[in-house]
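K.L.:
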Amino acid sequence: MARTKLPPTVRQRRLGAELRRLREDVELSATRAGELFGATQSRISNIEAGGYAVSADRVRALARLYECTDEELIEALTGMTGGRTRGWWEEYREILPASMLDLAELEHHASYMRIVSVFHMPGVLQTTEHASALISDALPALALHEVEHRVSFRVKRQAVLYGERPTPLTAIVHEAALRMGFGGPDVARAQLEYLIKMSELENVTVKVVPFGVGIFPMSGQGIVYCGGEVPRLDTVQLDSDHGSEFLDTQPQLARYRNVLDRMEACALQPVESRDMIHHIAQDI
């Protein structure tokens, strides 16, 4: 029986997209690029779609063909070659939506993360009980085994915050998220206490945006901003009712950096934020 080819990962797609952008910057068609590179137009298109693995040497050769002189970017792109990363999330393939696996892969490779959460706790800072309460109430309703898979997946994402090189994380959490009370008083209180505990890690900063501090520069959807090897390779993930959306054009990245900066400017400092979380937990 023939083995089904797996779809390209978000990292493979991003490498291809950046190579396409470099080609378009010098106004080369895929056909002409193939002629100059000694390949077919379809091979260039497959590379740009992330469907064909390329070596570091080929990436450097394509970058030279496209007149790219940004050595830092080129080296970052060569670091994205080599096929699939066999991360822990691969065990969930064909069990969970591909966009969830893409987010875990992005977080795994991120040089830093910035998160804005307005109505929910950041996914990487949720307790098992809090995550279970949220996922169990999803619409359409999920079967018990589906809930268990999604909860375990969400908790495993926290691995990026530990280990030899824990990822720096800044979580900007609105007061509304602190007061939602998902799962009932005991679960909500334990979640707030866990948020305080996580905020005390050296690599984790939690800042609370209190009610009444000004105009919202966003619609309220969750934002995860993952830093790339170089700023051009940053990625934004947005939560919506229809699933995840990944953005990576330079105008989009600039827009969401501005949103994050404005939200963080409205937020309390870490010590004040912990005090506020503590007081809300006591009042539950």
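Last residue of the sequence shown: 284 in full-length UniProt numbering, with the numbers rising by one and none dropped. The beta carbon of each residue, even a glycine, is placed where N, CA and C say it ideally should be.
Please state whether DSSP places A281 in a helix, a strand or coil.
P.N.:
Here A281 sits in helix by DSSP.
K.L.:
On the three-state DSSP scale, how would you describe I115?
P.N.:
In this structure, I115 counts as strand in the three-state DSSP scheme.
K.L.:
Just tell me which of Y66, C68, F153, H174 has its CA closest to the CA of C266.
P.N.:
The residue with the shortest Cα to Cα distance from C266 is H174.
K.L.:
Check whether the stretch 223-240 and the stretch 257-266 are in contact - that is, three or more C-beta pairs closer than 8 Å.
P.N.:
Verdict: yes, contact present.
K.L.:
Determine the direct distance from the alpha carbon of G51 to that of A2, and round the result to whole angstroms.
P.N.:
Here A2 scores only 42 on pLDDT, less than 50, and its place in the model is too uncertain to base an answer on.
K.L.:
Using only alpha-carbon positions, find the residue among F37, L6, I95 that is nearest to L65.
P.N.:
Ranking the options by Cα distance to L65, first place goes to F37.
K.L.:
Kindly list the residues whose CB is nearer than 7 Å to the CB of I280, restricted to its own chain and excluding five residues on each side of it in sequence; keep chain order.
P.N.:
These residues qualify, in order along the chain: L178, R179, L192.
K.L.:
Starting from V208, trace the beta strand (DSSP E) in both directions and tell me its first and last residue.
P.N.:
Looking at the DSSP string, the run of the beta strand (DSSP E) that includes V208 is 204-209.
K.L.:
Tell me the DSSP bridge mates of F246?
P.N.:
Its beta-bridge partners are Q237.
K.L.:
How many whole angstroms separate the CB atoms of A133 and V187, which I take to be in contact at a CB cut-off of 8 Å?
P.N.:
That pair is a contact at about 6 Å.
K.L.:
Judging by CA-CA distance, which residue of A49, E35, V206, Q41 is the nearest neighbour of L15?
P.N.:
The candidate whose alpha carbon is nearest that of L15 is A49.
K.L.:
What is the DSSP secondary structure of Y92, reduced to helix, strand or coil?
P.N.:
Correct three-state label for Y92: helix.
K.L.:
Please list the segments of the alpha helix (DSSP H) lying wholly inside the stretch 113-180, counting only runs of 4 or more residues, in order along the chain.
P.N.:
Counting only runs of 4 or more, we get 128-136, 144-156, 175-178.
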